[in-house]
Structure formats: structure tokens, C-alpha cells
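Down below is the structure, laid out as C-alpha cells.
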Amino acid sequence: MVSLNKWNIRNKKKQPHPLSLLEQSLFLKKLNRLLSQHYPLLEALRALQWNPKWKKTAIKMISSLKEGESFEVVLANLYFDKKIVSFVYFSLLHGNIREALQHSSELIDQQLFLIKKFEKIMRYPLVLLSIFLTLLYFVRTQVYPAFSQLFSTTTYTSVYRNVAIFIIDLIFNSLIILGLGIGLFLIIWFLCQKKFSTVQKIALYQRTPLIRYYVRANQTFLFSLHLSSLLKAGLSLKECIQFLKKQSELPILAHYSSYILEQLEDGCNVTSALPPCTLLDPDLRIIFQSDMNQKSLIMDLRMYAEYLLESVQAKLEKAMTLIQPIFFLFIAVSIIFIYLSILIPMFQLIQHI
């Protein structure tokens with residue numbers, strides 16, 4: 001059996017250009033459809049060569065499989081998504097490659113759907129934000145200095161104008177600092193994440209509320225689904241944990257599996273070993289407490305994984321639908337404030353004269 005540590009070994013020969021996530025999903029769906037029509041794997045891959053976008057990938061897959069490489073290693077060498085590789089690896093343990101292709105393509109479809117929806121929701125607000133920042137810059141550098149010069153020729157001092165200048169400066173500087181901060185954080189994370197140990201990443205995720213929720217749901221989903229696949233293959237619970245410990249593409253799960261395995265070897269049960277695994281949902285304990293039968297445990301883990309997937313999608317969609325109205329409200333209030341900050345001092349000056 002091929003260890004998942006081989007996923008990190010990349011073929012030194014020239015590889016086809018990696019498929020996009022969308023193309024990976026379409027490729028897997030078509031492959032799954034051909035397999036469901038009783039095509040052998042190699043014949044199904046030959047049929048996929050008819051699509052020009054997939055031709056080089058399919059040819060490389062056929063060549064690698066004929067050389068004796070396992071399917072999950074072939075996918076890893078062709079830079080398929082890590083989740084796809086892990087699904088294929090664990091599903092092949094009980095010989096159900098179609099199940100792996102179906103689950104991985106569904107997961108990618110959900111990911112692409114959320115990305116597309118987020119881009120659609122954020123497109124208009126980002127345009128408005130750019131216009132708003134330009135307006136703020138113009139007000140700060142042109143309008144307010146002109147007002148200050150005008151008021152300096154009179155004995156009248158507008159407290160409202162001074163407060164408005166302070167607030168506008170605060171909003172403008174805060175938005176600039178926030179944007180630069182997010183950009184700097186992303187750059188540092190992109191450059192340094194590989195240098196962080198798994199324990200350091202877990203600690204960072206645990207301290208970041210929004211990221212913590214997503215990572216916890218994602219890790220629990222993967223743990224539940226992969227564990228159910230391994231149990232379905234006829235392995236004992238301890239053997240399943242050992243397999244999860246050996247794989248390298250999901251380091252957080254490997255880290256937790258190593259800890260759980262140590263606890264099992266010390267005589268503890270899974271229920272008592274789960275609480276320190278902070279990025280696994282506490283509800284997992286309930287499943288292991290209630291299910292003594294392996295068949296029902298497999299079903300409950302699979303159902304719980306599906307529930308998590310639907311729950312995360314629903315909450316992310318709800319959060320994204322709230323972004324636009326909140327952002328538009330902020331822009332509207334800020335524009336009204338800018339308008340009043342110009343109009344009210346002007347009326348006050350006219351009355352004073």
C-alpha cells in the first residue's frame with residue numbers, strides 16, 4: 001500500500017499544466033460517469049483525451065498508472081487539490097473509487113460556488129470603496145483646507161468643522177491601515193506558512209475567531225468522512241487512526257491522530273482523547289459515546305460529515321449576504337456625514353456674518 005508521504009514526491013519530468021479547480025471538478029465528474037458505465041479506468045482516461053483541455057493530463061495519468069504508480073500518487077503529481085487526493089486515497093482502501101470522485105467533485109463544486117458568490121457580492125462594494133476613498137482623499141486635501149483658509153479670514157470658529165475633519169481623517173486613515181494590514185498579513189502568511197509548525201498553526205487558528213470556526217468545521221468534516229471510509233474498509237478504529245497519522249497532506253489531522261493514538265495506547269478511549277483536539281468539534285464525542293456498533297458509527301460519521309458541509313455552506317452564504325447591506329450602510333452614513341460637515345459649517349458662517 002502506498003503511503004501518503006509519497007504525495008510530496010513530484011515527478012521531475014515536465015508535467016502538464018495543472019488544471020484549474022473548475023476543470024478538476026469537471027474532469028472528475030466525467031471520469032466518474034464513465035466508470036459508472038463500466039469503463040475500465042485506463043479506457044475512461046483514454047476517452048477523456050478527446051477534450052483538448054484534459055488531453056495532456058489524461059495521457060500523463062495513463063503513462064504513470066502503467067508504470068505502477070497508484071491513482072492517488074498520480075493525482076498528487078499532477079497537482080490536483082489535496083482534498084481530492086485524500087478522498088481517493090482513503091476510498092481506495094475499500095475499493096470504491098467512484099465514491100471518492102463523487103465526494104471530491106461535490107466538495108470542489110461547493111468551494112467554487114462560495115468563491116463565485118463571494119466575488120459577485122464583493123465586486124460592487126469594492127468599486128464603491130475605491131470611489132469612496134477617492135472622495136475622502138479629495139475632501140481631505142482640497143475641500144477641508146479651503147474651508148480652513150476661509151474660516152481663518154474670520155473670527156468665527158466652527159467646532160463641528162473641527163470634529164468633522166478629525167472623523168474624516170480617522171475613517172480615511174483607518175481604511176488605509178486596515179487595507180495595508182490585511183495585505184501585509186496575507187503576504188507574510190503566504191511566504192511564512194510553510195515555516196510554521198503544525199502546533200503553531202493550530203494555536204494561530206485557535207486564537208482567530210472566524211478562521212477558527214471554518215478550520216474546525218473543515219477538519220471535523222475531513223476527520224469524520226475519512227474515518228468512516230476507513231471503518232467501511234473493515235479496519236479497526238485503532239488501525240484507522242494509524243492511517244490518518246501516516247498521511248502528510250492533512251497535517252492537523254495527522255497531528256491529532258498521533259495524539260489520539262497515544263491516548264488509545266495508554267488505555268484511554270476515543271471519547272476522552274478528543275477534548276484536547278480543539279479544532280475538532282466537541283459533538284464528535286457524542287457520536288463515539290453513543291455508537292458502540294461499528295456499522296452505526298460509520299453511518300453516523302458519514303451523516304455528521306454531510307451535516308457539517310451543509311451547515312458551513314449555509315452560514316457562509318448568510319454571512320456573505322450580510323456584507324453588502326452593512327457595507328452600503330457604512331458608505332451611505334459616511335457620505336451623509338461628509339455632506340453635513342460641509343453644509344452645516346457653511347450655514348453657521350453665513351449666520352455669523
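Numbering-wise (full-length UniProt numbering), the sequence shown opens with residue 1 and increments by one. All C-beta atoms in this analysis are idealised placements derived from N, C-alpha and C, irrespective of residue type, glycine included. This one's a predicted model, so the numbers in the text were calculated from it and none came from an experiment.
Residue interval of the alpha helix (DSSP H) (run including residue i)
i: L204; result: T198 to R207
i: L114; result: I97 to F138
i: S248; result: No alpha helix (DSSP H) holds S248; DSSP gives it neither H nor E.
i: L92; result: K82 to L92
i: L75; result: F71 to N77
i: T271; result: V270 to A273
Which of helix, strand or coil DSSP assigns to residue i
i: T278; result: coil
i: P345; result: helix
i: A233; result: coil
i: G179; result: helix
i: H38; result: coil
i: K53; result: coil
i: H226; result: helix
i: S20; result: coil
i: I173; result: For the sequence presented, residue 173 should be read as Asn rather than Ile. Three-state DSSP puts N173 in a helix.
i: E67; result: coil
Sequence-distant residues of the same chain with beta carbon closer than 7 Å to residue i, five excluded per side
i: T220; result: L280, D281, L284 and L308
i: L175; result: L133
i: K195; result: none
i: L19; result: F27 and T57
i: F87; result: A100, H103 and S104
i: V74; result: M61, S64 and L65
i: K83; result: S104 and L107
i: L191; result: none
Other residues of its chain near residue i: CB distance less than 8 Å, five sequence neighbours each side excluded
i: L231; result: L237, C240, Q294, L297, I298 and L301
i: N32; result: R98, L101, Q102 and S105
i: I260; result: I241, V270, A273, L274 and C277
i: L135; result: I335 and I338
i: L21; result: D81, I108, Q111 and L112
Neighbourhood of residue i by C-beta distance below 6 Å, restricted to the same chain and skipping five residues each side
i: F118; result: M320
i: S341; result: A164
i: L45; result: A58, M61 and I62
i: W54; result: F27 and L48
i: K13; result: Unreliable positioning characterises K13 in this predicted model, as indicated by a pLDDT of 47, which lies under 50. The coordinate reading is nonetheless provided below. Counting only Cβ-Cβ distances below 6 Å, and skipping sequence neighbours, we find nothing.
i: V215; result: Y205 and L279
Go through the stretch 283-321 residue by residue and report every complete run of the alpha helix (DSSP H) that reaches 4 residues or more, in order.
-> 283-290
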